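Worksheet for the structure shown next.
Protein chains: 2
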Amino acid sequence: MPRAPTTSDVFNAVAEPQRRAIIALLSEGERSVNQIAELLEMNQPQASKHLKVLKEVGLVAVRGDGQQRLYSLNGSALKPMYDWITKYERFWSESFDRLEEYLNQLQRKEKK
Amino acid sequence: MPRAPTTSDVFNAVAEPQRRAIIALLSEGERSVNQIAELLEMNQPQASKHLKVLKEVGLVAVRGDGQQRLYSLNGSALKPMYDWITKYERFWSESFDRLEEYLNQLQRKEKK
DNA sequence: CAAATATATGCTTATATGGGAATATAAGTC
DNA sequence: GACTTATATTCCCATATAAGCATATATTTG
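First to last, the sequence lines map onto chains V and A.
Our numbering puts the first residue of the first sequence at 1, with every later residue one more than the last.
Our numbering puts the first residue of the second sequence at 113, with every later residue one more than the last.
Here it is as structure tokens:
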């Protein structure tokens, strides 16, 4: 077997810097494809392609407005990723550190 | 220009399912390469390769123990990703919804 | 040093993918 | 319908990459 199927998921979609830029832009409100392309200084086809990927994983929604296609962010599609990463929150969160410290103290007292 | 340099960053490292599995495993404690390979049912070379990527982005640390190399998780390297994603927390968080609602109410009162 | 165990690296193959350029499709205007 | 504007798609290229396999490089043991 040569390579695992690239099941394009949210993690993959978001691994691309330009797509993160699109997400940041759309978090401010819906934008047309050309707006996105101009603001992020990319060619229109690239914008369309990135938007296609984002749409496939449910990160953006589209609505037609005349000639234009207005894309908006569906940030809730990021939640699975958020849930995944918060599993490791204790590795950097101070309050988690304190919680662990507290639990350690409890354990020490238990042993007495 | 053909393709953007894949500046192998945390987002990329984590986009690979097998590497997320390694992260999950190491969050329980350090493991040797062979342990990782066996537990995650991958060949040893693949394990070594994934570990190399994870090490390059600072997500894991190694220490030698005789013949073995024990890998451990450095979860704090995930923080940049956490910081990024929490910018969009309001898109799924209830408490954020309530905060927004509250702010909207304040605004309405202001206008009166 | 030889043998065994643990890990890393190199090579090949198949596939994925981002960018560029050109073109197709869709919608609006006259 | 012809023309314009907006967006999507297709083709090509170059590179990235994951897996398989073989092999090289430790490290330990006898």
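Just so you know, even glycine gets a beta-carbon here, dropped at the ideal spot from N, CA and C.
From a predicted model like this one, the values you see are computed outputs, not experimental measurements.
{"Check": "9 Å Cβ cutoff, leucine 132(A) in contact with chain V", "Outcome": "According to the sequence displayed, residue 132(A) carries arginine and not leucine. Chain V contact via Cβ: present."}
{"Check": "Range of the contiguous beta strand (DSSP E) that encloses aspartate 177(A)", "Outcome": "172 to 177"}
{"Check": "Under the three-state DSSP convention, the category leucine 40(V) falls into", "Outcome": "coil"}
{"Check": "Sequence-distant residues of the same chain with beta carbon closer than 7 Å to serine 184(A), five excluded per side", "Outcome": "Leu138, Glu142, Val172 and Ala173"}
{"Check": "Cross-chain neighbours of serine 120(A) in chain V, by beta carbon under 7 Å", "Outcome": "Correct list: empty, because the minimum Cβ distance to chain V is about 10 Å."}
{"Check": "Close-in-space but distant-in-sequence residues of the same chain around proline 114(A) (CB under 6 Å, 5 per side omitted)", "Outcome": "Caution applies to proline 114(A), whose pLDDT of 45 falls short of 50 and renders its modelled position unreliable; the model cannot decide the point."}
{"Check": "Per DSSP, the bridge partner or partners of glutamine 105(V)", "Outcome": "Glutamine 105(V) is not bridged to any residue."}
{"Check": "Coarse secondary structure for serine 8(V), derived from DSSP in three states", "Outcome": "coil"}
{"Check": "Beta-carbon proximity check, valine 165(A) vs alanine 136(A), cutoff 9 Å", "Outcome": "no"}
{"Check": "Neighbour list for phenylalanine 123(A) in chain V, Cβ cutoff strictly below 7 Å", "Outcome": "Val14 and Ala15"}
{"Check": "Tyrosine 200(A) classed as buried or exposed, judged by whether at least 16 other C-beta atoms fall within 10 angstroms", "Outcome": "buried"}
{"Check": "Chain V contact residues for methionine 193(A), given Cβ-Cβ distances below 7 Å", "Outcome": "Ile85"}
{"Check": "Backbone CA spacing between tyrosine 19(V) and histidine 50(V) [nearest angstrom]", "Outcome": "According to the sequence displayed, residue 19(V) carries arginine and not tyrosine. Near 6 Å, if we compare the C-alpha coordinates of histidine 50(V) and arginine 19(V)."}
{"Check": "Sheet register partners of tyrosine 200(A) (DSSP bridge)", "Outcome": "Note: tyrosine 200(A) sits in no beta bridge, so no partner."}
{"Check": "Serine 139(A) (DSSP reduced to helix, strand or coil)", "Outcome": "coil"}
{"Check": "Close beta carbons around asparagine 155(A), own chain, < 8 Å, minus the five adjacent residues each side", "Outcome": "Ala149"}
{"Check": "Whole-angstrom distance between leucine 103(V) and aspartate 83(V), CA atom to CA atom", "Outcome": "23 Å"}
{"Check": "Check: serine 48(V) C-beta below 8 Å from any heavy atom of the ligand ZN", "Outcome": "By its list of ligands, the structure shown contains no ligand whatsoever, and the ligand ZN lies outside what it can speak to."}
{"Check": "Contacting positions in the region 62 to 78 of chain V - beta carbon closer than 9 Å to chain A", "Outcome": "Leu73, Asn74, Gly75, Ser76, Ala77 and Leu78"}
{"Check": "Beta-carbon contacts of serine 144(A) that lie in its chain and below 7 Å, excluding the five residues immediately before and after", "Outcome": "Gln180, Arg181 and Leu182"}
{"Check": "Span of the beta strand (DSSP E), counted from its first residue to its last, around serine 184(A)", "Outcome": "180 to 185"}
{"Check": "Separation of lysine 191(A) from glutamate 56(V), as counted between CA atoms", "Outcome": "27 Å"}
{"Check": "Rounded distance between the beta-carbons of glycine 58(V) and alanine 77(V), thought under 8 Å", "Outcome": "4 Å"}
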